[in-house]
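**Q** Got a structure for you, questions after.
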Amino acid sequence: MPSPETSDLLAGLTPPQRDAVTHVDGPLLILAGAGSGKTRVITRRVAYLLSQGVRAHNILAITFTNKAAGEMRHRVEQLVPGNKVFVSTFHSLGARLLRQYGERLNIDRNFTIYDVDDRNRLVKAALGTAGIDDVKFTPDRLAGAISKAKNMLLTPKLYEATANDFFTQTVAKVYHLYEKKLRAANGMDFDDLLYLPALFLKLNEELRRDLDHRFKYVLIDEYQDTNQAQYEIARRLSVNEPNLCVVGDPDQSIYKWRGSDIKNILDFERDFPATKVITLEQNYRSTQSILHAASVLIDHNKQRKKKALVTANPQGEPVRVLTFDNGLEEAEGVVVRIKEAVQAKKFRYRDHAIFLRINALSRTLESAFVKHGVPFQIVKGLAFFDRKENKDILAYLRLLVNPADTVSFLRVVNEPPRGVGKVSLDRLVSYAADLDITLLAAAGQVHKIADIRGKAATGVRDFHRLIAELRTQPDLPPHEMIRLVLDKSNYRKQLQESTDEEDADRLANIEELITASKQFSDEDSSRTLSDFLEQIALASDVDSWDEESDRVSVMTFHAAKGLEFPVVYLMAVEQGLLPHDRSLGKDEDIEEERRLCFVGMTRAMKELYLCHSRLREFRGQALYQVASMFLEELPREVSHDDLAARKNLPRAALDEWRGKVNATAASTGYGTQPRTLPPLKSGGSVGGDYEAGQVVQHAEYGIGQVTDVSGFGALRKLKVRFATGGEKTFVADMVKLTVVQRKA
DNA sequence: CTAAACACTGTTTTT
DNA sequence: CAGTGTTTAG
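Going letter by letter, the first sequence gives residues 659 to 1402 in my numbering.
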């Protein structure tokens, strides 16, 4: 019986949206095209379930980021006040299950969540133990293979059974040892948070049934990006109560590299019989121009179910491709355009977003923003917690919560310096290994270790005492604990006494960490230190995004998923970057890159710009860049503006060279990015003949002396040491220098 | 044992 | 170019 509330919940919905919202029991697949009002449908559906008498604690909603989870919780709360629906990410859910059912599963609930960095250290340690010091396989690569194995629910034993070459056999060995070390340290890597719950749900029928019953209604957003472990969790929670609703769009699957399997969504109907399928095709976000360009692009994917994307929105401005001469001009060009749009009162800064394929590209942008006084935020969440000083403090905290935490122990045992060097540590580690005790416990009996004497022994003993003392106050709120650590460890003292200016900044950063932790516990006084650490460990990049402030947002294509902005700029849409070099081998991978481009484009509501430049500095080298193949796949209506201002580029030679590249590109199927450039016919004469020893004048930096000349043609570079003290490197073709004296 | 100088190397996307 | 690991001097 629909209450008045119910009709509110259905207000303003299209028939298919309404169908999705009012579906209660049985599996439901919502294929939601970009901008089709998906979030709205999901929240309304949760609210609708509540209005139908479903109890809040029987609903589980899974989102892709914590931020999205928070928003959904908030919106549901607004629609149906007083209901606390459990909304979380898969990883947070996993952590919660492991802590909650830890006892039953023989897991210590105080486990530490290890990030990629911690994981790699442990893999490295495992390599050492295994006596594999070959540099053939980097810890990174091995860790990646282990991660993949866990995503596919392969235990070390299962993995070993399938290992059939030298690499996989090495991985198998390391995987065994790594797991052993990880369990001994009472640590969980990111994959464990999915892998272990998935395994337990599979093997422990009693627990599975309990949870299935508890989470009667399960809803999963961004289902196209779930991996096998996540699938297993969803599947096992929906056996007795098969009310699983998944929402996704195969065209927006962009995490294959992380183990996500697009088959999960494509085969959903087969896996869950009697699934109701609802397709949302109407787009409410973008102009016709934008949507059309995006559809034409994505239509180039062969592995794809054709799908119409329609909108009743106006045609809008044409999508524009902007060609710049080089990366610097591209960054400035974009920033200046944004500034002009704001000055013309057309948009606010916060209406703009810039998407990048790789984080490294944000540097040039940053300087352009600063130079032009345009407010911006680079959305990269962990940057703050990644600072050394904060990681150190967090390692102390982790060790307090989990005394078995090897990685954290090793990180801070000599931080600040206590005279404990590598040799002493190696001895401590092997002592602990021999007795099968934790490093902290070993530190407690350092007097028994004959090989550690003098300053090292005192240092280890002091450290052990410090941790023991701090551990007597387990219930201190996070911020007070940090202060205590800071004082008792002499970390603060060390920074204060330092003459290094940066150390003052470090102290300020720690103060900021204290503020963050205080805010965290002020929001909810029941939150513990362990909760604080977990929140940091599981934070995603977009979680740090500040929607309120009036700033331009800069983020990766991946981080942009699920967001929308009135004006969007895609930067460096170039062969080798988008599609990325590493995808160029396989059609499958290129299709994922195309989806990435599609995701970026469909974030735009009113205006969309795709930028690329001809020359780009990359790890200190200038490279000619070829426009992305995706740009050629756009429809004719897209307008092209060549803003390459550089008149002195040897255009004819450049065109000839590009022609060659395109010829090779055609023969290999797809273009590849040149690693080195052939010398141009015009040699180095374009930018003038420079040689080492010349004294030159630069408009900005003044008088200097050429110290080095290298490269040819457009790549010819100069190093100039200026009278003011600095040394700069210039591209000879670009820089305006006056030769003052042939040779000094 | 520490710190500083050096050589080397490797390069996407992230929970 | 930067970030990491290694060597060297104190």
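No residue lacks a Cβ here, since even glycine has one placed at the ideal position from N, Cα and C.
Return helix, strand or coil for Glu1295, following the three-state DSSP convention.
**A** Correct three-state label for Glu1295: coil.
**Q** Rounded to whole angstroms, what's the CA-CA distance from Lys742 to Gln888? Just pull it up for me.
**A** In a straight line, the C-alpha of Lys742 is about 23 Å away from that of Gln888.
**Q** Based on the DSSP output, what are the partners of Glu1232 in its beta bridges?
**A** Answer is Ala1285, bridged to Glu1232.
**Q** May I have a chain-ordered list of the beta strand (DSSP E) segments no shorter than 3 residues that lie completely inside the stretch 915 to 959?
**A** List check, beta strand (DSSP E) in window: 934 to 938.
**Q** Hey, which unbroken runs of the beta strand (DSSP E) at 3 residues or more fall wholly within the stretch 1059 to 1100?
**A** As far as the stretch 1059 to 1100 is concerned, it has no whole beta strand (DSSP E) run of at least 3 residues.
**Q** Excluding five sequence neighbours on each side, which residues of the same chain lie with their C-beta closer than 8 Å to the C-beta of Gln1035?
**A** Closer than 8 Å at the Cβ level, and outside the excluded window around Gln1035, lie Trp1203, Asp1204, Ser1207, Arg1209, Val1210, Ser1211, Val1212.
**Q** Quick check: Ala966 and Glu939, are their CB atoms within less than 8 Å of each other?
**A** Yes, they are a contact pair.
**Q** Any chance the stretch 805 to 825 sits against the stretch 718 to 736, with 3 or more Cβ pairs inside 8 Å?
**A** Taking 8 Å as the limit for Cβ pairs, the verdict is that the stretch 718 to 736 does not touch the stretch 805 to 825.
**Q** Mind checking Lys1046: buried by the 16 CB within 10 Å criterion, or exposed?
**A** So Lys1046 ends up on the exposed side.
**Q** According to the neighbour-count rule (16 or more other Cβ atoms, all chains shown, within 10 Å of its Cβ), is Arg777 buried or exposed?
**A** Buried: at least 16 other Cβ atoms inside 10 Å.
**Q** Can the beta-carbon of Val1188 be found closer than 8 Å to that of Pro1135?
**A** For clarity, residue 1188 is Ser in the given sequence; the question names Val instead. Contact: no.
**Q** Between the Cα of Leu686 and those of Gln758, Asn768, Gly906, spot the shortest distance and give me the residue it belongs to.
**A** Ranking Gln758, Asn768, Gly906 by Cα distance to Leu686 puts Gly906 first.
**Q** State the DSSP-derived secondary structure class of Lys748, mapped to helix, strand or coil.
**A** According to the sequence provided, residue 748 is Phe. The question's Lys does not apply to it. Here Phe748 sits in helix by DSSP.
**Q** Reducing DSSP to helix, strand and coil, say where Gln1035 ends up.
**A** Three-state result, Gln1035: strand.
**Q** Identify, in the order they occur along the chain, each residue of the same chain with its Cβ nearer than 6 Å to the Cβ of Leu1097, setting aside the five sequence neighbours on each side.
**A** So the qualifying residues of the chain are Thr1064, Phe1067, Ala1090.
**Q** Taking Thr1022 as the reference, give the member of Val993, Ile717, Pro972 with the closest Cα.
**A** Closest option to Thr1022, Cα to Cα, is Val993.
**Q** Kindly indicate which three-state DSSP category Gly985 falls into: helix, strand or coil?
**A** Gly985: helix per DSSP, three-state reduction.
**Q** Of all the beta strand (DSSP E) runs that stay within the bounds of the stretch 1184 to 1248, which reach a length of 3 or more residues?
**A** Runs of the beta strand (DSSP E) inside the stretch 1184 to 1248: 1210 to 1214, 1223 to 1228.
**Q** Does DSSP put Phe769 in a helix, in a strand, or in coil?
**A** Here Phe769 sits in coil by DSSP.
**Q** What span of residues does the alpha helix (DSSP H) with Ile717 cover, start to end?
**A** No alpha helix (DSSP H) contains Ile717, which is instead part of the beta strand (DSSP E) from 717 to 721.
**Q** Output the distance between the C-alpha atoms of Leu1373 and Glu729, rounded to the nearest integer angstrom.
**A** Model confidence at Leu1373 stands at a pLDDT of 45, short of 50, so the residue's coordinates are unreliable; what they give is reported in the following sentence. If you take the alpha carbons of Leu1373 and Glu729, they lie about 49 Å apart.
**Q** Quick one: Cα of Asp909 to Cα of Phe873, how far?
**A** Approximately 29 Å between the Cα atoms of the pair.
**Q** Go ahead and pull the three-state DSSP assignment for Val682.
**A** Val682 falls in the coil class under three-state DSSP.
**Q** By the DSSP assignment, the alpha helix (DSSP H) with Arg1045 in it spans what residues?
**A** Run containing Arg1045: none; DSSP gives neither H nor E here.
**Q** Does the distance from the CB of Asn885 to the CB of Ser918 come in under 8 Å?
**A** It is a contact, given that the beta carbons lie within the stated cut-off.
**Q** Out of curiosity, what's the CA-to-CA distance linking Ile1051 and Ala1195?
**A** About 14 Å.
**Q** Considering just the uninterrupted stretch of the alpha helix (DSSP H) at Glu880, what are its terminal residues?
**A** Looking at the DSSP string, Glu880 is not in any alpha helix (DSSP H), and its letter there is neither H nor E.
**Q** Can you name the start and end residues of the alpha helix (DSSP H) that Asn809 belongs to?
**A** Asn809 -> alpha helix (DSSP H) spans 797 to 809.
**Q** Where Thr1334 and Ala801 are concerned, what is the direct C-alpha to C-alpha distance, given to the nearest angstrom?
**A** For Thr1334, the predicted structure reports a pLDDT of 31, less than 50, and the residue's modelled location is therefore unreliable. The matter cannot be settled from this model.
**Q** Compute the Euclidean distance between the alpha carbons of Phe848 and Phe744, then round it to the nearest angstrom.
**A** Their backbone Cα atoms lie some 21 Å apart in a straight line.
**Q** So, using beta-carbon positions, are Arg779 and Met1263 closer together than 8 Å?
**A** Contact: no.
**Q** For Leu857, report the span of its alpha helix (DSSP H) as first-last.
**A** It spans 850 to 861 - the alpha helix (DSSP H) in which Leu857 sits, taken as one unbroken run.
**Q** So the candidates are Asp1182, Ile1016, Val1226, Ala932; which of them puts its Cα closest to the Cα of Pro976?
**A** Closest option to Pro976, Cα to Cα, is Val1226.
**Q** Can you give me the start and stop residues for the alpha helix (DSSP H) that Val905 sits inside?
**A** Where Val905 is concerned, there is no enclosing alpha helix (DSSP H), although the beta strand (DSSP E) it sits in stretches over 901 to 906.
**Q** My understanding is that Ile912 touches His1238, with C-beta atoms under 8 Å, so please give their C-beta distance in whole angstroms.
**A** Ile912 to His1238, Cβ: 12 Å. No contact.
**Q** Specify the secondary structure class of Gln961 as computed by DSSP and reduced to three states.
**A** Gln961: coil per DSSP, three-state reduction.
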